[in-house]
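Novice:
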Amino acid sequence: DTGVSQDPRHKITKRGQNVTFRCDPISEHNRLYWYRQTLGQGPEFLTYFQNEAQLEKSRLLSDRFSAERPKGSFSTLEIQRTEQGDSAMYLCASRTVGDTIYFGEGSWLTVV
Amino acid sequence: GQQLNQSPQSMFIQEGEDVSMNCTSSSIFNTWLWYKQDPGEGPVLLIALYKAGELTSNGRLTAQFGITRKDSFLNISASIPSDVGIYFCAGQRNNNDMRFGAGTRLTVKP
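As structure tokens, then:
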């Protein structure tokens, strides 16, 4: 499978715990995106990387959220001190110049 | 929040019927995309439109990029049960700014 891969697919955590999601983009794609999607809504942009550089962050990305792409390949999204409002699906997507964005299958987070 | 107005919110149709949904925005986009999302999965790209006025087909799906660059529609002809899902429009202005509609939930009755 050469698509965008996300792990874990599902995570249930207690409020206040930290969680980390991993994304492996399509191998030749230098641009990587994180989106958040809640029930009944379309995906909302969180942040964007070009290679290892984080070029844009949405105001939705509070101080408790941090994303990295240390070697310009896989990326991680960490949420610290989770809150119930963080419950959502976190989508990763990637693209290369001139191509469209392809999404992974998402990582579901439930904060209890 | 959402900047695209997608309608209808939901549709219930009989198998074999045609479907039409659209997306409008107050902003101009350079690219319009249509995605389908099944429960618990990520969105899958159906059609991408790159030029105003462009009309593109993908099997039973046809989509158009509005002349004003502020709207797009998607048609599905002769619907089948596997067309069930949520359809999202997305407008893209530059390399990293893609906005989604709230989705159209399609139900197809056999």
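So the protein lines, in turn, are chains A and B. Note that this note's numbering has the first sequence beginning at 202, numbered continuously upward. Note that this note's numbering has the second sequence beginning at 272, numbered continuously upward. Glycine residues also receive a C-beta, built at the ideal position from the N, C-alpha and C atoms. As the structure is a prediction and not an experimental result, all values here were calculated from the model.
Scan the segment 294-324 of chain B for residues whose Cβ lies nearer than 8 Å to a Cβ of chain A and list them as they occur along the chain.
Specialist: Correct list: T302, L304, Y306, G311, E312, G313, P314, V315, L316 and A319.
Novice: Check whether the Cβ of G372/B lies closer than 7 Å to any Cβ atom in chain A.
Specialist: Yes, G372/B counts as interfacial toward chain A.
Novice: Provide the residue(s) that pair with G391/B in DSSP beta bridges, ordered along the chain.
Specialist: What is shown of chain B runs 272 to 381, which leaves residue 391/B out entirely.
Novice: Beta strand (DSSP E) containing I280/A: first to last residue?
Specialist: S276 to I280 is the extent of the beta strand (DSSP E) around I280/A.
Novice: Which first and last residues belong to the beta strand (DSSP E) in which T327/B is found?
Specialist: Run containing T327/B: L326 to N329, per the beta strand (DSSP E) assignment.
Novice: Near E284/A, what residues of its chain come up, given a Cβ to Cβ distance below 7 Å and the 5 sequence neighbours on each side ignored?
Specialist: So the qualifying residues of the chain are R216 and V312.
Novice: Would you tell me roughly how many angstroms separate the C-alpha atoms of Y236/A and N346/B, rounded to the nearest one?
Specialist: C-alpha separation (whole angstroms): 26 Å.
Novice: With distances taken between CB atoms, is the gap from S328/B to V290/B smaller than 7 Å?
Specialist: No. Outside cutoff.
Novice: Can you confirm whether P279/B, when its beta carbon is compared against all beta carbons of chain A, has any partner nearer than 7 Å?
Specialist: Cβ-Cβ to chain A under 7 Å: no for P279/B.
Novice: Within the continuous beta strand (DSSP E) that includes R374/A, where are the two ends?
Specialist: Outside the displayed range of chain A (202 to 313) lies residue 374/A, so it cannot be described from this structure.
Novice: Can you list, in chain order, the residues of its chain with a C-beta nearer than 8 Å to that of Q280/B? Leave out the 5 residues immediately preceding and following it.
Specialist: Only A373, G374, T375 and R376 meet the Cβ criterion.
Novice: Taking contact to mean at least 3 C-beta pairs separated by less than 8 Å, is the segment 289-297 of chain A in contact with the segment 236-246 of chain A?
Specialist: With a cut-off of 8 Å, the segment 236-246 of chain A and the segment 289-297 of chain A count as touching, because enough Cβ pairs lie within range.
Novice: Kindly indicate which residue of E229/A, E245/A and Q218/A has the alpha-carbon position closest to the one of C360/B.
Specialist: Here the closest residue by C-alpha is E245/A.
Novice: Restricting to runs no shorter than 4 residues, where is the alpha helix (DSSP H) found entirely within the segment 221-250 of chain A?
Specialist: Taking only runs of at least 4 residues, no alpha helix (DSSP H) segment lies wholly in the segment 221-250 of chain A.
Novice: Please classify G350/A as buried or exposed, where buried requires at least 16 other C-beta atoms within 10 Å of its C-beta.
Specialist: Since the first and last residues shown for chain A are 202 and 313, residue 350/A lies out of range.
Novice: Take T316/A and list the residues in its own chain whose beta-carbon comes closer than 8 Å to its own, dropping the five residues that flank it on each side.
Specialist: Past the edges of chain A, shown from 202 to 313, lies residue 316/A, and the structure says nothing about it.
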